[in-house]
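J.: This is the structure, below, for whatever I ask next.
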Amino acid sequence: MKAKIITPTVTIFDKDGNIDLEGNRLLVKYLIDNGVDGAVPLGSSGEFTAISLQNKKDLIKLYVDESKGKLDLIPGTNSLDIDECIELSNYAISLGVKGVLILPPFYYGISQEEVFHYFDVLAQKINGDIYIYNFPARTGFDMSATTTYELAKKHKNIKGMKDSTGNLTHTKEVILKVKDLRSDFEVYSGYDDHFVPNIIAGGNGCIAALSNFEPRLWSDWVLAINEGNYEKVRSIGNIIDRLMPLYSVEMNFSHIFKKFLIDDGLSISDYTIFPFEELDDKTYEFAKNLRKTVISRR
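Taking our numbering, the leading residue of the sequence shown gets 4, the next gets one more, and so forth.
Next up, the structure:
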């Protein structure tokens, strides 16, 4: 199975904070033109927590209409209201997406048994494939390889995982345990610099946000590993490693990533959800110079 890069896309808003349909169309076209394999709208990079159900539906439909089958689409369909999660998931599935990406319940503490029950119910009520989003830094819960295995064993439509633990040992454990049961189970890492270890361990690639503004760099990296060009894999990996600090320059890094897209010629707004709408000029200049310095090494 070939490695893939799937972009967890930023959401483009207008200057008043409304979903900018034209701006999001430009982003979809930009990603397709630069060779990424798929997209996850409404993930963490997409500021999903501040978007209404209807606007989420509108954005998913835009992605389906604009991508025209050229991207694997796995929209985030998260809601603490399980009925809303099911409704949005089935709406997305009805449009023909590859699957939906869902976090475990967050805010309240939760056990492995309760999370198994949660996804057990979702698997029975969602009419398509589910990708589990394991992101303990945001949910306070780390999905074990055993719980993942039991869900994959029971439900064929538990199709994969985005593992954003930052712990390669955990990712490898999921790969080894679940793929022995089901070779079709897909495991993606959520950190760009985990791409090569993920593939070596038998995973499927990354759902990683640097590909919003460096999609060609990322698609070249994927092509290199698929073709066995390991010198190029190493050289691009070195660039990715040096870009990783961009995630910690600003708490909501999507603001910086949107400004990068504007610098690269996309006619979009850099509006970001409250209270992250302000970006200090010095902070952005630091990020911009870091990117410029790293990319100039290529």
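The beta-carbon is built from N, C-alpha and C at its ideal position, and this holds for glycine as well.
Answer yes if the stretch 166-178 comes into contact with the stretch 189-209, meaning at least three C-beta pairs across the two stretches below 8 angstroms, and no otherwise.
T.: Enough Cβ pairs lie closer than 8 angstroms, so yes.
J.: Assuming E25 is part of the beta strand (DSSP E), what are its boundary residues?
T.: Here E25 belongs to no beta strand (DSSP E); instead the alpha helix (DSSP H) covers L24 to D36.
J.: Express the C-alpha separation of F119 and D17 in angstroms, rounding to a whole number.
T.: 39 angstroms
J.: Could you check the C-alpha separation between N130 and I96 for me, to the nearest Å?
T.: 7 angstroms
J.: Between V225 and the rest of its own chain, which residues show a CB-CB distance below 6 angstroms, the 5 nearest in sequence each way excluded?
T.: A6 and I8
J.: Rounded to whole angstroms, what is the Cα-Cα separation between K64 and D132?
T.: The straight-line gap from Cα to Cα measures roughly 18 angstroms.
J.: Please state whether the Cβ-Cβ distance between A290 and V252 is less than 8 angstroms.
T.: yes
J.: Tell me which same chain residues have a C-beta within less than 8 angstroms of the C-beta of L29, skipping the five on either side of it?
T.: So the list reads I15, L269, S270 and I271, once near-sequence residues are dropped.
J.: Using 8 angstroms as the threshold, is the stretch 255-265 in touch with the stretch 221-238, meaning 3 or more CB pairs across them?
T.: Output reads no: the stretch 221-238 does not touch the stretch 255-265.
J.: Please work out which residues of its chain come closer than 6 angstroms, Cβ to Cβ, to I239, disregarding the five sequence neighbours upstream and downstream, and give them in chain order.
T.: W224
J.: Could you tell me the alpha carbon to alpha carbon distance between G205 and D19, rounded to whole angstroms?
T.: Straight-line measurement puts the Cα of D19 at about 44 angstroms from the Cα of G205.
J.: What first and last residue would you give for the alpha helix (DSSP H) that runs through V297?
T.: D284 to I298
J.: Kindly indicate the opening and closing residues of the alpha helix (DSSP H) around G163.
T.: First-last for G163: I161 to D166, but that is the beta strand (DSSP E), not the alpha helix (DSSP H).
J.: How about P218 and Y94: are their beta carbons less than 8 angstroms apart?
T.: no
J.: Are the stretch 293-300 and the stretch 49-56 touching, with three or more C-beta to C-beta distances below 8 angstroms?
T.: Touching, no, given that fewer than three Cβ pairs across the two stretches are closer than 8 angstroms.
J.: Going by C-alpha to C-alpha distance, which of E280, D36 and P108 sits closest to I135?
T.: Of E280, D36 and P108, the residue nearest in Cα terms is P108.
J.: Buried or exposed, going by whether 16 or more other CB atoms sit within 10 Å of the CB of V124?
T.: Here V124 is exposed. Its C-beta has fewer than 16 other C-beta atoms within 10 Å.
J.: Helix, strand or coil for S270 per DSSP?
T.: coil
J.: Please report how far the alpha carbon of Q127 lies from the alpha carbon of K157, in whole angstroms.
T.: 10 angstroms
J.: Can you tell me where the beta strand (DSSP E) holding T10 begins and where it ends?
T.: K7 to P11
J.: In the structure shown, what three-state DSSP assignment does Y94 receive?
T.: helix
J.: Under 6 angstroms Cβ to Cβ from F138, same chain only, skipping five residues before and after it: list those, please.
T.: S167
J.: Note down, one range per segment and in chain order, each beta strand (DSSP E) of at least 3 residues found wholly within the stretch 130-211.
T.: 133-137, 161-166, 189-192 and 208-210
J.: Tell me whether T168, by its Cβ, gets closer than 7 angstroms to a heavy atom of the ligand NAP.
T.: Absent from the structure shown: the ligand NAP. Ligands present: none.
J.: Are the C-beta of E116 and some C-beta of chain D separated by less than 8 angstroms?
T.: The structure shown contains no chain D, having only a single protein chain.
J.: According to the neighbour-count rule (16 or more other Cβ atoms, all chains shown, within 10 Å of its Cβ), is K162 buried or exposed?
T.: Answer is buried; the Cβ neighbour count reaches 16.
J.: Across which residues does DSSP place V103 in a beta bridge pair?
T.: I133
J.: For L98, which option in E116, Y287 and G72 has the closest C-alpha, if you only look at C-alpha atoms?
T.: G72
J.: What would DSSP say about V43, mapped onto helix, strand or coil?
T.: strand
J.: Which partner residues does D75 have in the DSSP bridge list?
T.: G41
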